[in-house]
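Worksheet for the structure shown next.
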Amino acid sequence: MMNNRTIIYISGEGHSGTTLLDVILGAKKSAFSSGELIFFAQKGIKNREYCACGNPVPSCSIWSNIIREWDKVRTLDLDEYIKLQSRLTSKRYILSSYISLRNPSKKLHCFLEDTNKLFDLIFKITDSKVIIDSSKAPGRLLVLKKLNYKIKVMHLTRRFGDVLNSYKKEVPRNLEEGIEHDIVPLGSSYVFRSWLLKNFLTYVLSIGISYKRIKYENLVSNPVDELSFMIDGDKDFLKKLTARGPFYLKHLVAGNKFRMQDHIYIAEKPMNTSYHRLSGADKAFAKFIDYFY
Ligand SMILES: [Zn+2]
Numbered sequence: 154m155m156n157n158r159t160i161i162y163i164s165g166e167g168h169s170g171t172t173l174l175d176v177i178l179g180a181k182k183s184a185f186s187s188g189e190l191i192f193f194a195q196k197g198i199k200n201r202e203y204c205a206c207g208n209p210v211p212s213c214s215i216w217s218n219i220i221r222e223w224d225k226v227r228t229l230d231l232d233e234y235i236k237l238q239s240r241l242t243s244k245r246y247i248l249s250s251y252i253s254l255r256n257p258s259k260k261l262h263c264f265l266e267d268t269n270k271l272f273d274l275i276f277k278i279t280d281s282k283v284i285i286d287s288s289k290a291p292g293r294l295l296v297l298k299k300l301n302y303k304i305k306v307m308h309l310t311r312r313f314g315d316v317l318n319s320y321k322k323e324v325p326r327n328l329e330e331g332i333e334h335d336i337v338p339l340g341s342s343y344v345f346r347s348w349l350l351k352n353f354l355t356y357v358l359s360i361g362i363s364y365k366r367i368k369y370e371n372l373v374s375n376p377v378d379e380l381s382f383m384i385d386g387d388k389d390f391l392k393k394l395t396a397r398g399p400f401y402l403k404h405l406v407a408g409n410k411f412r413m414q415d416h417i418y419i420a421e422k423p424m425n426t427s428y429h430r431l432s433g434a435d436k437a438f439a440k441f442i443d444y445f446y
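Note that the sequence shown covers residues 154 to 446 in this note's numbering.
See the structure below:
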């Protein structure tokens, strides 16, 4: 049964501002910012990582209810669910996921039902009509398209050089600040392939459903224009966009470390990284790629 509840799915490469967009859209009436929902079961329930409200996910006032109710109705056990989900949404197995989801086995059917039930509960318990899911992984679109909700894809892109520069940063693990593991710099060719593939897959897998590309650079330099199609008579939302905030971080699970702040404003202009962490060769390569962006 189709209904008028909507999942806005933010897809694209990491370090492109997906958490920022999630939080901004969460300021809309009847919308709930859920963060990287793909990690809810593993990081939120199993690893007890932190919700943006400052509590471990299983003790959060919202998520604890969702976890309790989901446990009652879920068919698969949690480990099985996590395993299936990570396989289905991995970009390595995208083709086999596509094929198996066209004619789901009994187990896959249970997985889809369980995912549907999870969204049902989030809609119900948060009393919202729109859920924003910034899981980013394009493979998750294969699963979302099988659910009983309207799906709107927001494809967030950012200049390759800035993404690469961001991936070159080294950050030690700090759970309470929302950094769940040591962040080590990644190889440039790995980042390039990932950036290219995730953006390409997002585009291809969105064929046939509502799709909108958003450039991070435009989102930051002119949020009102870039998100004008989302305003839809919501005056409070327009006001917030115009004032660049404040946007409150309520109950996001997983995602960028800035989710642990109380509220944020959109910076006055895109962060100009000048690609300062890149070597000479990487810088030249990034500039070449970004010429076409
Ligand atoms: Zn919370």
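Backbone N, C-alpha and C define an ideal beta-carbon position, used for all residues, glycine too. It should be emphasised that the depicted structure is a prediction, and the values quoted were computed from it without experimental measurement.
**Study point:** Three-state class that DSSP yields for Tyr302 in the structure shown
**Key:** Residue state, collapsed to three classes: coil.
Practice item. Verify the CB distance criterion: does Pro209 have a CB-CB separation below 8 Å to chain C? Key: Of the protein chains in this structure there is only one, and it is not chain C.
Check your understanding: Do Leu174 and Leu372 have their CB atoms nearer than 8 Å?
Key -> Yes; because the gap between Cβ atoms is below 8 Å, this pair is in contact.
Review point. Excluding the five sequence neighbours on either side, which residues of its own chain have a C-beta within less than 8 Å of the C-beta of Lys282, listed in chain order?
Key: Sequence-distant Cβ neighbours of Lys282 in its own chain, meaning closer than 8 Å and more than five residues away, are Asn157, Arg158, Thr159, Ser183, Ala184, Phe276.
Check your understanding: By DSSP, does His416 sit in helix, in strand, or in coil?
Key -> Under the three-state reduction of DSSP, His416 is assigned to strand.
Exercise for review: Return yes when the C-beta of Ala205 is under 7 Å from any heavy atom of ligand 1, and no when it is not.
Suggested key: Inclusion of Ala205 in the 7 Å shell around ligand 1 follows from its C-beta lying nearer than that to a non-hydrogen atom of the ligand.
Point to revise | CA nearest to the CA of Pro291, picked from Lys392, Gln238, Tyr203 | key: If we check each option's Cα against that of Pro291, Gln238 comes out closest.
Exercise for review: Taking only heavy atoms of ligand 1 into account, decide whether any of them is closer than 7 Å to the Cβ of His404.
Suggested key: Checking every heavy atom of ligand 1 against the Cβ of His404, one is found closer than 7 Å.
Check your understanding: When you compare only the Cα positions, how much space is there between Thr172 and Pro257?
Key -> One C-alpha to the other measures close to 31 Å.
Practice item. Assuming Lys351 and Pro338 form a contact by the criterion Cβ under 8 Å, report the distance between their Cβ atoms to the nearest whole angstrom. Key: Contact doesn't hold; Cβ gap of about 19 Å is too wide.
Check your understanding: Straight-line CA distance for Leu254 to Ser187?
Key -> Distance between the alpha carbons of Leu254 and Ser187: 25 Å.
Check your understanding: Which whole-angstrom value is the C-beta distance of Met383 and Leu178, which I expect to be below 8 Å?
Key -> About 7 Å separates the Cβ atoms of Met383 and Leu178, confirming a contact at the 8 Å cut-off.
Point to revise | Backbone CA spacing between Asp335 and Tyr320 [nearest angstrom] | key: Their Cα atoms are separated by approximately 12 Å.
Exercise for review: Please report how far the alpha carbon of Met154 lies from the alpha carbon of Gln195, in whole angstroms.
Suggested key: Low confidence applies here, because Met154 scores a pLDDT of 48, under 50, leaving its location unreliable; read the following figure in that light. Approximately 29 Å between the Cα atoms of the pair.
**Study point:** Three-pair Cβ contact test at 8 Å for the region 293-300 versus the region 357-366
**Key:** Contact holds between the region 293-300 and the region 357-366, because three or more Cβ pairs, one in each stretch, are under 8 Å apart.
**Study point:** For Ile198, the nearest candidate out of Gly340, Glu166, Val226, Leu231 (CA to CA)
**Key:** Considering only alpha carbons, the answer is Leu231.
Practice item. List the DSSP bridge partners of Ile336. Key: In the DSSP secondary-structure assignment, Ile336 is bridged to Val324.
Check your understanding: In terms of residues, what are the limits of the beta strand (DSSP E) holding Asp286?
Key -> Where Asp286 is concerned, the enclosing beta strand (DSSP E) stretches over 283-289.
**Study point:** Where Ser287 falls, given that 16 or more other Cβ within 10 Å makes a residue buried
**Key:** Residue environment analysis places Ser287 among the buried positions, since at least 16 neighbouring C-beta atoms fall within 10 angstroms of its C-beta.
Practice item. Consider the C-beta atom of Asn208 and the heavy atoms of ligand 1; say whether any pair is separated by less than 7 Å. Key: Yes.
Check your understanding: Taking buried to mean at least 16 other C-beta atoms within 10 Å of its own C-beta, is His416 buried or exposed?
Key -> Classification for His416: exposed.
Review point. So does the region 294-314 actually touch the region 201-212, counting three or more Cβ pairs closer than 8 Å?
Key: The region 294-314 makes no contact with the region 201-212: fewer than 3 CB pairs, one atom from each, lie closer than 8 Å.
**Study point:** Sequence-distant residues of its chain with Cβ nearer than 6 Å to Phe438 (five each side left out)
**Key:** Scanning its chain for C-beta atoms nearer than 6 Å, with the 5 sequence neighbours on each side dropped, one finds no residue around Phe438.
**Study point:** ligand 1 heavy atom lying under 7 Å from the CB of Trp216
**Key:** The answer is yes for Trp216.
Review point. DSSP puts Ala184 in a beta bridge; with which residues?
Key: Paired residue(s): Val283.
Review point. Beta-carbon separation of Ile161 and Ile285 under 8 Å?
Key: Cβ distance < 8 Å, so Ile161 and Ile285 count as in contact.
Point to revise | Same chain only: Cβ atoms within 6 Å of Ile235, ignoring 5 sequence neighbours per side | key: Contacts found: Ala194, Gln195.
Practice item. Would you mind stating whether Val357 and Val316 have Cβ atoms separated by less than 8 Å? Key: Taking the C-beta atoms as reference points, Val316 is found no nearer than 8 Å to Val357.
Review point. Among the residues of its own chain, which have a CB less than 7 Å from the CB of Ile332, if the five just before and after it don't count?
Key: Hits under 7 Å: Val324, Arg326, Lys410.
**Study point:** Inter-residue spacing [alpha-carbon to alpha-carbon] between Glu233 and Ile252
**Key:** C-alpha separation (whole angstroms): 20 Å.
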